[in-house]
Amino acid sequence: MNEPLVGRMREFGTTVFAEMTALAVRTGSINLGQGFPDTDGPSPMLERAVEAIRGGLNQYPPGPGLPELRQAVAEHRKEHYGLVYDPDGEILVTLGATEALAASVLALCESGDEVIVFEPYYDSYAAAISLAGAVRRPVTLRPVEGRFTFDPDELRAAVGPRTRAVLVNSPHNPTGTVFTRDELSAIAAVCAEHDLVAISDEVYEHLTFDGVEHIPLATLPGMRERTVMISSAGKTFSVTGWKTGWICAPAELVRAVQTVKQFLTFTANGPWQLAVAYGLREELGWVAGLRDSLATKRDRLMAGLSAAGFAVYRPAGTYFVQTDIRPLGFTDGLDLARRLPELAGVVAIPTQVFYDRPELGRHFVRFAFCKKDEIIDEAVARLSRLQGKPADSDL
Ligand code: PMP
Ligand code: GLN
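Pasting the structure below:
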């Protein structure tokens with residue numbers, strides 16, 4: 336048989352997260368690659384899901400999501416951000432942020448439309464854009480004084496006659512940047528000037544550190560009406576396997592996204608929706624504790640990676656520390672990530688796979704710190720053996 340996979344998906348292969356987690360399992364390495372916590376979410380919330388299953392909530396929930404969750408999301412948006420969304424028509428529950436992203440791009444972009452993405456970008460963005468037959472236009476985040484940011488001129492230059500949407504992610508995976516009001520204003524100005532839709536992935540909204548506040552793009556003047564705001568319970572409540580997400584947007588945009596979503600999965604899992612509604616109402620204190628604990632873990636991993644010889648960027652949010660491997664004598668992060676189990680018994684993510692132009696990120700490697708302290712300590716002890724190891728395998 337000829338290659339059965341459609342041409343537009345051939346560049347994707349297996350996701351780097353699956354590849355690196357499989358590598359960790361196969362080699363018995365510590366997995367600081369794929370971003371998932373190794374401790375559970377709040378137990379009363381877990382209990383709610385169990386109770387919902389035992390209580391018989393086991394058939395199709397309504398297409399837009401359970402009213403309890405849509406109501407809890409509306410209250411949460413209003414209390415936290417002063418954003419008012421009608422739970423009946425302006426909120427749609429999805430199978431995680433991944434489905435929300437794919438359904439949004441498929442619903443809003445015609446084949447041949449262009450979507451601006453900030454590279455390095457989360458891998459599902461590129462795949463969703465390709466599925467839609469759309470074209471990505473990267474704007475590069477580069478380190479400036481220890482923090483990844485973009486040049487507003489580069490953003491403006493990326494807009495063309497076919498540009499339909501800007502895909503924004505703050506707090507940003509994989510760089511840990513939390514966009515400032517100025518950065519968001521630059522994005523908002525471009526959206527307003529060219530009548531673009533903003534698809535705003537905010538799954539790390541609660542995981543910011545050092546007093547840095549997450550600012551939802553929709554709170555900027557003129558942006559609520561053109562923004563699809565995407566969130567997920569996975570990161571907020573340490574339940575990445577629950578795949579429960581949602582979008583908030585004006586009714587017209589929600590209708591468009593729901594038209595696609597109903598034929599991808601129709602609806603999302605009922606028991607988890609009920610439990611997440613409980614979490615949003617009752618467990619935000621737990622989330623504040625998670626944020627504090629993650630900030631400490633970030634410091635722990637950063638200190639260890641610096642001592643091991645990496646150049647380290649300080650993230651203001653997310654689960655991830657971005658490093659430059661060149662001080663250790665390595666130049667290619669993909670090569671290093673594939674050899675890291677054998678060199679040090681650790682797995683990490685090569686950042687270059689999140690670029691249209693991999694050469695711009697060749698020397699970056701991402702490490703996750705959403706792990707138990709003893710795991711972080713053991714990982715950095717192992718990584719300290721890298722100093723003095725032979726550098727890139729092709730040198
Ligand atoms: N966006 C970003 C930036 C992510 O890091 C992830 C991974 N958790 C997702 C979306 C996907 O979220 P979910 O698991 O809810 O589909
Ligand atoms: N969001 C997670 C990360 O960036 C991975 C999710 C996945 O495996 N697709 O590590």
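The numbering of the sequence shown is the working numbering, which starts it at 336 and goes up by one. Ideal Cβ positions, reconstructed from N, Cα and C, are used throughout, including at glycine.
Quick check on this structure: which residue in the options has the alpha carbon closest to the alpha carbon of residue i?
i    : options                : result
R697 : V419, F665, E403, K632 : F665
P379 : G468, L615, L669       : L615
C526 : H411, L490, L588, E709 : L490
H415 : R499, P455, G546, P551 : P551
G580 : L619, E587, D536       : D536
Q608 : F689, M336, V385       : V385
D488 : Y456, A524, G447       : A524
L670 : P650, I711, A726, G624 : The sequence shown places Asp at residue 670, not Leu. Cα-wise, what sits closest to D670 is A726.
I522 : L555, I711, P509       : L555
L443 : S520, R561, G620       : R561
P650 : N337, L675, N508       : N508
K724 : V647, G605, D517, R674 : R674
Closer than 6 Å by C-beta to residue i: which residues in its own chain qualify, once you throw out the five before and the five after it? Chain order, please.
i    : result
Q406 : P422
Y539 : P506, K570, G652, T653
I393 : For the record, residue 393 in the displayed sequence is Asn; it is not Ile. Once the five neighbours on either side are set aside, N393 has no close Cβ partner at all.
L730 : Low confidence applies to L730: its pLDDT is 49, below 50, so where it sits in the model is not reliable enough to give any reading.
L430 : K578, T600, A603
L625 : none
A437 : A463
A612 : E403, L404, A407
Going by beta-carbon coordinates alone, are residue i and residue j separated by less than 8 Å?
i    : j    : result
V595 : L466 : no
A461 : R471 : yes
A409 : S567 : no
V474 : I451 : yes
R717 : Q657 : no
F689 : D458 : yes
A533 : V501 : yes
A479 : I684 : Looking at the sequence shown, residue 479 is not Ala but Val. No.
R559 : L531 : no
E713 : I388 : no
E618 : F572 : yes
A672 : R720 : no
A610 : R383 : yes
R412 : E449 : no
A463 : S446 : no
CB-CB under 7 Å to residue i, same chain, minus the five flanking residues each way: which ones, in chain order?
i    : result
P693 : Q687
R574 : Sequence inspection shows Val at residue 574; the Arg mentioned does not correspond to that position. Here the set comprises G376, A568.
Excluding five sequence neighbours on each side, which residues of the same chain lie with their C-beta closer than 8 Å to the C-beta of residue i?
i    : result
L629 : L542, F544, Y654, F704, C705
K632 : F704, C705, K706, D708, I711
Have a look at the DSSP bridge pairing and note the partners of residue i.
i    : result
Y613 : Partner(s): none; Y613 has no beta bridge.
P556 : Per DSSP, none; premise fails for P556.
W581 : V428, S566
V700 : T658, P685
G652 : T543
N504 : D536
E414 : BP columns for E414 are empty, so no partner.
I365 : V681
A646 : D659
Evaluate contact between the stretch 426-437 and the stretch 396-415, counting only Cβ atoms and requiring at least three cross-stretch pairs below 8 Å. Contact holds: three or more Cβ-Cβ distances are below 8 Å.
With three or more beta-carbon pairs closer than 8 Å as the criterion, would you say the stretch 356-366 touches the stretch 599-610? no
Would you be able to state if there are at least three C-beta pairs under 8 Å between the stretch 388-399 and the stretch 546-560? The stretch 546-560 is not in contact with the stretch 388-399.
Hey, is the stretch 631-641 in contact with the stretch 493-510, meaning 3+ C-beta pairs nearer than 8 Å? no
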